[in-house]
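Participant:
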Amino acid sequence: MTQKNPQTREWQTLSSDHHLAPFSDFKQLKEKGPRIITHAKGVYLWDSEGNQILDGMAGLWCVAIGYGRDELAEAASQQMRELPYYNLFFQTAHPPVLELSKVIAEIAPQGMNHVFFTGSGSEGNDTMLRMVRHYWAIKGQPNKKTIISRVNGYHGSTVAGASLGGMTYMHEQGDLPIPGIVHIPQPYWFGEGGDMSPDEFGIWAANQLEEKILELGVDNVGAFIAEPIQGAGGVIVPPDSYWPRIKEILAKYDILFVADEVICGFGRTGEWFGSDFYDLKPDMMTIAKGLTSGYIPMGGLIVRDEVVAVLNEGGDFNHGFTYSGHPVAAAVALENIRIMREEKIIQRVHEKTAPYLQKRLRELSDHPLVGEVRGVGLLGAIELVKDKATRARYQGRGVGMICRQFCFDNGLIMRAVGDTMIIAPPLVISEAEIDELVAKARKCLDLTLSALQG
């Protein structure tokens with residue numbers, strides 16, 4: 088693509104000379120150069136070449152209230168002037184983090200009234216692993232250390248987070264997973280359900296948890312962690328039969344349940360949390376992303392009262408971060424949640440925009456490339472296939488990446504997970520902007536099909 092702005096090349100040179108980007112092939116990026124995003128407003132981004140792009144991924148699932156909200160900048164500025172930083176070690180605290188803890192307790196599922204703050208969702212899951220093991224040690228069961236997770240789940244990219252996640256390509260680098268973490272199959276009916284009905288497959292996938300608990304020995308299993316809906320794995324919406332059966336198994340064996348709410352939390356499903364949508368009643372919930380709408384890094388772990396009661400008897404919990412509960416991040420999170428509540432953003436998602444998005448997205452089911460469209464709230468997935476009837480893929484063609492590039496070139500950010508295209512737009516997206524998103528998605532599907540046939 089011809090560049091009009093000479094600064095684009097300057098910035099790309101800086102990238103090549105000095106920057107190592109996350110989840111990137113460094114050599115490939117050096118040769119191609121990154122797209123330079125310069126500013127944003129609402130649901131739109133602009134790059135250094137002046138192209139306007141509809142952000143169908145809300146950044147990385149996180150810009151809940153949209154770009155350009157001055158209130159969050161003002162909250163950060165005011166807090167920086169008053170108390171730019173202080174730690175929460177050594178029996179100290181500060182007002183923003185205490186007020187935020189109370190506000191989160193107000194919106195969290197009933198009985199979850201305490202929060203341990205971190206700098207990210209990855210750190211939240213590191214915290215979870217240590218807290219689960221500390222909890223069982225206090226209860227006199229120190230062997231209950233193993234955490235069960237799911238294949239293709241995503242729980243961050245720290246050593247513990249990447250281990251908890253079930254992404255094989257991440258495990259291949261760094262000798263992961265670390266000991267004490269095991270994985271069971273994911274509830275991905277379209278990709279792995281075979282001839283089973285969705286409900287049959289949901290029960291089968293849930294029963295893998297019980298089989299793994301019995302294989303390991305219930306006295307060795309500390310917790311099960313799962314996203315209510317798998318995000319980075321391809322917006323895997325479990326069959327309706329899945330979560331009720333999982334809850335039965337966890338109750339039967341007295342295993343802690345951790346809901347990773349980093350993507351589903353703060354309104355993405357049309358409820359405050361995915362755990363509300365599925366009535367999961369977890370013991371712990373990892374949070375981040377929508378907590379601050381991505382304006383500033385912050386994460387945490389919300390903990391059920393019964394678990395806290397045990398932790399209270401365990402002496403020091405020797406864990407924490409320099410930036411745990413950072414006052415500026417806390418101030419931004421408070422303002423972000425205030426806006427979400429006062430403007431009834433989640434209520435609007437639930438009543439209007441989520442039903443509208445799901446209806447419009449499913450109109451793409453008639454496209455020759457589309458094998459399934461699924462979604463919940465403002466989450467959606469489009470499966471790209473060669474044969475609709477058999478769900479067979481285009482082998483070795485990289486169809487998802489072809490489609491993603493067409494999206495990039497035509498003013499839409501839609502992410503590819505293999506040959507699954509996924510979206511998670513800002514919660515403030517309007518019905519007219521949803522129409523634009525779907526129209527651009529259809530255009531890019533047409534272009535992809537033409538490229539495959541060419």
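Residue 202 in the working numbering sits at position 115 of the sequence shown; the count goes up by one each step and never skips.
Virtual Cβ for every residue (Gly too), placed ideally from N, Cα, C.
Pairs of beta-carbons, one from the segment 376-392 and one from the segment 327-339, closer than 8 Å: are there three or more?
Facilitator: With the cut-off at 8 Å, the segment 376-392 and the segment 327-339 do not touch.
Participant: Answer with buried or exposed for residue 183, where buried requires no fewer than 16 other C-beta atoms within 10 angstroms of its C-beta.
Facilitator: For the purposes of this step, residue 183 is taken as the residue at position 96 of the sequence shown. Burial call: buried.
Participant: What residue range is occupied by the uninterrupted alpha helix (DSSP H) comprising residue 188?
Facilitator: Translated into positions along the sequence shown, residue 188 becomes position 101. From DSSP, the alpha helix (DSSP H) with residue 188 extends over 182-194.
Participant: Using 10 angstroms around the beta-carbon of residue 304, count the other beta-carbons present and answer buried if the total reaches 16, otherwise exposed.
Facilitator: Within the sequence shown, residue 304 is the residue found at index 217, counting from 1. With fewer than 16 other Cβ atoms within 10 Å, it is exposed.
Participant: So, using beta-carbon positions, are residue 191 and residue 273 closer together than 8 Å?
Facilitator: In the sequence shown, the residue the question calls residue 191 occupies position 104. In the sequence shown, the residue the question calls residue 273 occupies position 186. It is not a contact, given that the beta carbons lie outside the stated cut-off.
Participant: If you draw a straight line from the C-alpha of residue 160 to the C-alpha of residue 150, how long is it?
Facilitator: To locate residue 160, count along the sequence shown from 1; it is residue 73. To locate residue 150, count along the sequence shown from 1; it is residue 63. Answer to the nearest angstrom: the Cα atoms are 14 Å apart.
Participant: I'd like to confirm the pairing. Which residues does DSSP put opposite residue 344 in its beta bridges?
Facilitator: Within the sequence shown, numbered from 1, the residue matching residue 344 stands at position 257. In DSSP, residue 344 forms a bridge with 311.
Participant: Mark residue 302 as exposed unless 16 or more other C-beta atoms lie within 10 angstroms of its C-beta, in which case mark it buried.
Facilitator: Against the sequence shown, residue 302 aligns to sequence position 215. By the 10 Å Cβ count, residue 302 comes out exposed.
Participant: Over what stretch of residues does the beta strand (DSSP E) that includes residue 139 continue unbroken?
Facilitator: As a position in the sequence shown, residue 139 is number 52, starting the count at 1. Unbroken beta strand (DSSP E) run through residue 139: 139-142.
Participant: Quick one: residues in its chain with C-beta nearer than 7 Å to the C-beta of residue 154, no 5 flanking neighbours on either side, listed in chain order?
Facilitator: The residue given as residue 154 occupies position 67 in the sequence shown. So the qualifying residues of the chain are 127, 128, 129.
Participant: Should residue 408 go down as buried or exposed, given a rule of 16 or more other Cβ atoms within 10 Å for buried?
Facilitator: For the purposes of this step, residue 408 is identified with residue 321 of the sequence shown, where counting begins at 1. Residue 408 comes out buried.
Participant: Output the boundary residues of the alpha helix (DSSP H) element that contains residue 200.
Facilitator: Walking along the sequence shown from the start, residue 200 turns up at place 113. Element bounds for residue 200: not the alpha helix (DSSP H) but the beta strand (DSSP E), 199-205.
Participant: So, do the segment 202-222 and the segment 425-440 have three or more beta carbon pairs nearer to each other than 8 Å?
Facilitator: With a cut-off of 8 Å, the segment 425-440 and the segment 202-222 do not count as touching, because too few Cβ pairs lie within range.
Participant: Given 8 Å as the limit, is there contact between the segment 344-360 and the segment 529-540, that is, 3 or more CB pairs closer than that?
Facilitator: Taking 8 Å as the limit for Cβ pairs, the verdict is that the segment 529-540 does not touch the segment 344-360.
Participant: Thinking residue 372 and residue 360 are a contact (beta carbons under 8 Å), I'd like their distance in whole angstroms, please.
Facilitator: Taking the sequence shown and counting its residues from 1, one reaches residue 372 at position 285. Taking the sequence shown and counting its residues from 1, one reaches residue 360 at position 273. Between residue 360 and residue 372 the Cβ distance is about 7 Å, and since that is below 8 Å, they are a contact.
Participant: Report yes or no: do the segment 448-464 and the segment 493-501 share at least 3 C-beta pairs separated by less than 8 Å?
Facilitator: No: fewer than three Cβ pairs fall under 8 Å.
Participant: For residue 504, write down the residues that DSSP places opposite it in a beta bridge.
Facilitator: On the sequence shown, position 417 is the one that residue 504 refers to. Paired residues: 507.
Participant: Please report the residue range of the beta strand (DSSP E) in which residue 468 lies.
Facilitator: Within the sequence shown, residue 468 is the residue found at index 381, counting from 1. 466-471 is the span of the beta strand (DSSP E), which, as asked, contains residue 468.
Participant: In chain order, what residues of the same chain lie with their CB nearer than 8 Å to the CB of residue 451, ignoring the 5 residues before and after it?
Facilitator: By 1-based counting over the sequence shown, the position of residue 451 is 364. These residues qualify, in order along the chain: 457, 460, 469, 525, 528, 529, 532.
Participant: Within 10 angstroms of its Cβ, does residue 445 collect 16 or more other Cβ (buried), or is it exposed?
Facilitator: Counting from 1 along the sequence shown, the entry for residue 445 is found at position 358. Buried.
Participant: Do residue 209 and residue 245 have their C-beta atoms within less than 8 Å of each other?
Facilitator: Stepping through the sequence shown from its first residue, residue 209 is reached at position 122. Stepping through the sequence shown from its first residue, residue 245 is reached at position 158. Yes, the pair counts as a contact, with Cβ atoms nearer than the cut-off.
Participant: What does the alpha-carbon distance come out to for the pair residue 240 and residue 211?
Facilitator: Counting from one through the sequence shown, the residue named residue 240 turns up at place 153. Counting from one through the sequence shown, the residue named residue 211 turns up at place 124. Their backbone Cα atoms lie some 15 Å apart in a straight line.
Participant: Let me know the secondary structure DSSP gives residue 134 once reduced to three states.
Facilitator: Position 47 of the sequence shown holds residue 134. Strand.
Participant: Can at least three beta-carbon pairs, one atom from the segment 392-399 and one from the segment 227-242, be found at a separation below 8 Å?
Facilitator: The segment 392-399 is not in contact with the segment 227-242.
Participant: So within the segment 477-540, which uninterrupted beta strand (DSSP E) runs reach at least 3 residues, ignoring any that extend past its ends?
Facilitator: Taking only runs of at least 3 residues, the beta strand (DSSP E) segments lying wholly in the segment 477-540 are 502-504, 507-510.
Participant: When you measure from the CB of residue 416 to every non-hydrogen atom of the ligand GDP, does any distance come out below 7 Å?
Facilitator: Inclusion of the ligand GDP in the displayed structure is not the case, the ligand content being empty and no account of it being possible.
Participant: Taking 8 Å as the threshold (C-beta atoms), are residue 293 and residue 256 in contact?
Facilitator: Taking the sequence shown and counting its residues from 1, one reaches residue 256 at position 169. Taking the sequence shown and counting its residues from 1, one reaches residue 293 at position 206. No, the pair does not count as a contact, with Cβ atoms beyond the cut-off.
Participant: May I have the straight-line CA-CA distance separating residue 113 from residue 101, to the nearest angstrom?
Facilitator: Residue numbering aside, residue 113 sits at position 26 when the sequence shown is read from its first letter. Residue numbering aside, residue 101 sits at position 14 when the sequence shown is read from its first letter. Distance between the alpha carbons of residue 113 and residue 101 is about 13 Å.
Participant: Just to confirm the assignment: which complete beta strand (DSSP E) runs, minimum length 3, are found wholly within the segment 266-314?
Facilitator: Complete beta strand (DSSP E) runs here, min 3: 268-271, 308-313.
Participant: Quick one: give me the first and last residue of the alpha helix (DSSP H) that residue 433 is part of.
Facilitator: Counting from one through the sequence shown, the residue named residue 433 turns up at place 346. Run containing residue 433: 432-435, per the alpha helix (DSSP H) assignment.
Participant: Taking 8 Å as the limit between beta carbons, can you name the residues of its chain near residue 295, skipping five residues before and five after?
Facilitator: The residue you call residue 295 lines up with position 208 of the sequence shown. Contacts found: 271, 272.
Participant: From residue 249 to residue 258, what does the alpha carbon distance come to, in whole angstroms?
Facilitator: Against the sequence shown, residue 249 aligns to sequence position 162. Against the sequence shown, residue 258 aligns to sequence position 171. One C-alpha to the other measures close to 7 Å.
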